[in-house]
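Note that the UniProt record's numbering gives residue 328 to position 328 of the sequence shown, counting from 1, and the numbers run on in steps of one.
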Amino acid sequence: MILNSLSLCYHNKLILAPMVRVGTLPMRLLALDYGADIVYCEELIDLKMIQCKRVVNEVLSTVDFVAPDDRVVFRTCEREQNRVVFQMVRDAIILSTLVKGIRRPVTCKIRILPSLEDTLSLVKRIERTGIAAIAVHGRKREERPQHPVSCEVIKAIADTLSIPVIANGGSHDHIQRYSDIEDFRQATAASSVMVARAAMWNPSIFLKEGLRPLEEVMQKYIRYAVQYDNHYTNTKYCLCQMLREQLESPQGRLLHAAQSSREICEAFGLGAFYEETTQELDAQRAKLSARTSEETGEPAEDTSGVIKMAVKFDRRAYPAQITPKMCLLEWCRREKLAQPVYETVSSWLWPALQPAMALPWDKSKKLAEQAAAIVCLRSQGLPEGRLGEESPSLHKRKREAPDQDPGGPRAQELAQPGELCKKPFVALGSGEESPLEGW
């Protein structure tokens, strides 16, 4: 079941199909660049969306729907306004109520039933609910891509209904190049064509002039992924789908080994682009943080000398055995400084350095402490252990002595602080909302 913009028309359109893990913002934008008229996001669960908070992301110029665990469930931008279709899980029972209860048109996507008679009966009932269009995947629920698509059934549906019918399922047998899309449309008598795997393999399938070289397409995808802060695991998955049989090539092996967005960029010769873009985003975050402090009357550094930064601890961005707190403790030991001390849920951090605090507040003491450690490390220009940048010494120590107590005798060694040991650090945790939450 799909909610879409009022201005969308489903006649004679090229459409990017909804695909799990593929239909995120970078892929949708890339498909639009290459000629798609409409792009579907991946299918999302309605309950998950209800739990999300809508956040205007001024750093990325996006609107994000952020889950309680701070994961971005759906991200969109102005570029795809009136072109994106938001797909939610199917539920035929509420279809009529949904059509009557909202101002935006609703469409539906189905697979065919075992018999033509049952299929036509179903689509007639669906049409009577008042939907704007229906997409039909020409295979039964139990059939896989290697099974032939039933163009005849889609054609029978198109001949029966008065609303636009969108043909789907032709990637394996019919669609290898741009001209094949029109051939598939004519074979099914459909109003429009929805392309899934052929677009996943190479989104330039929508380009009238023909397919672009895969490396060029992948580099363009990576640029969007970095610009819109796409999580590296999703970026890596989509690129692997494009490489397919080339995964064993030297570049494929580099991609397979990549553990961060930086490493993915380096594998495709975009290391300089990654550094430049991330610096621009960091500068924008700092500018926004300073502006927010001015608007609230709260100085970026208060009279106590506490450093405040807008950071969140995302466990997915760090190796399983390494955290910012561990990196900070390791650095303090190496420099013979006192063990860091964390105070309260808002997590003021008192190392033998400047006090640090992270914005916004976190939901637990553990998360707040990790965020405070991030502030401390970043303020000193130190690695925080993120994937692709973990401290070699810490990584080696964890490998050789995984059971060593981080709070053992070494952690109790105290020393006189040096010239850097003059101010505290603060990680702002839970209970306080911020425009930066979820970024």
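Virtual Cβ for every residue (Gly too), placed ideally from N, Cα, C.
Can you tell me the Cβ-Cβ gap for residue i and residue j, rounded? I've got them flagged as a contact below 8 Å.
i      : j      : result
Gly230 : Thr76  : According to the sequence displayed, residue 230 carries Asn and not Gly. Rounded, the Cβ-Cβ distance is 13 Å, inconsistent with contact.
Pro340 : Cys327 : With 8 Å as the limit, Pro340 and Cys327 do not qualify as a contact, their Cβ atoms being about 11 Å apart.
Leu113 : Ile157 : About 11 Å separates the two Cβ atoms, so there is no contact after all.
Val84  : Gly130 : About 22 Å; that fails the 8 Å criterion.
Glu80  : Leu116 : Actually they are not in contact, since the Cβ atoms of Glu80 and Leu116 sit about 36 Å apart, beyond 8 Å.
Ile222 : Thr235 : 7 Å
Ile126 : Leu95  : 7 Å
Thr160 : Val123 : 7 Å
Could you tell me if residue i is buried or exposed, where buried requires 16 or more neighbouring beta carbons within 10 angstroms of its beta carbon?
i      : result
Ile45  : exposed
Ser192 : buried
Leu47  : exposed
Lys325 : buried
His11  : exposed
Arg54  : exposed
Ala225 : buried
Ser171 : buried
Asp186 : One detail in the question is off: residue 186 reads as Gln in this sequence, not Asp. Under this definition Gln186 is an exposed residue.
Glu369 : buried
Asp64  : buried
Glu384 : buried
Glu280 : exposed
Ser162 : exposed
Pro299 : Caution applies to Pro299, whose pLDDT of 49 falls short of 50 and renders its modelled position unreliable; the model cannot decide the point.
Ala320 : exposed
Thr62  : buried
Gln146 : exposed
Ile374 : buried
Val56  : exposed
Ser289 : buried
Ala258 : buried
Lys336 : exposed
Gly169 : buried
Pro68  : exposed
Where does residue i sit, in a helix, a strand or coil, going by DSSP?
i           : result
Ile112      : coil
Phe74       : strand
Asp64       : strand
Ala317      : helix
Tyr342      : strand
Ile322      : coil
Ile38       : strand
Ile307      : strand
Met19       : coil
Lys336      : coil
Arg54       : strand
Val84       : strand
Leu243      : helix
Leu25       : helix
Leu14       : strand
Leu328      : helix
Leu387      : coil
Pro409      : Interpretation of Pro409 is limited by its pLDDT of 36, a score under 50 that renders its predicted location unreliable; the figure taken from the coordinates is listed afterwards. DSSP places Pro409 in helix when its eight states are reduced to three.
Leu288      : helix
Leu8        : coil
Leu281      : helix
Leu255      : helix
residue 504 : A query on residue 504 cannot be resolved here, the shown segment of the chain reaching from 1 to 439 and no further.
Leu44       : strand
Asp33       : helix
Gly381      : coil
Ser261      : helix
Kindly indicate which residue of the options has the alpha-carbon position closest to the one of residue i.
i           : options                           : result
Met19       : Leu32, Ala272 and Glu43           : Glu43
Leu16       : Pro250, Trp201 and Arg212         : Trp201
Arg111      : Arg141, Gly305, Phe65 and Ala67   : Arg141
Met218      : Tyr318, Pro26 and Tyr10           : Pro26
Asp70       : Phe313, Cys376 and Ala338         : Phe313
Leu382      : Leu329, Lys366, His147 and Glu369 : Leu329
residue 458 : Ile205, Val59 and Gly271          : Residue 458 is absent from the model: the chain starts at 1 and stops at 439.
Leu29       : Lys336, Lys220 and Ala290         : Lys220
His137      : Ile102, Asp180, Thr160 and Ala190 : Ala190
Ser379      : Glu263, Val306 and Ile94          : Val306
Leu387      : Ile322, Ser179, Ala338 and Lys336 : Ile322
Ser179      : Pro145, Arg334, Leu161 and Leu14  : Leu14
Lys208      : Arg21, Ala36 and Lys155           : Ala36
Tyr228      : Val72, Ile175 and Ile50           : Val72
Val22       : Val39, Leu8 and Arg125            : Val39
Pro105      : Asn82, Lys124 and Val123          : Asn82
Pro203      : Phe184, Cys238 and Glu182         : Cys238
Asp173      : Ile166, Asp159 and Val195         : Val195
Arg139      : Ile126, Ile154 and Glu127         : Ile154
Met309      : Thr97, Thr277, Arg253 and Lys287  : Lys287
Arg103      : Ser261, Pro148, Ile166 and Ala132 : Ala132
Q: May I have a chain-ordered list of the beta strand (DSSP E) segments no shorter than 3 residues that lie completely inside the UniProt domain "DUS-like FMN-binding" (94–239)?
A: Entirely contained in the UniProt domain "DUS-like FMN-binding" (94–239), the beta strand (DSSP E) runs reaching 3 residues are, in chain order, 106–111, 133–137, 165–168 and 192–195.
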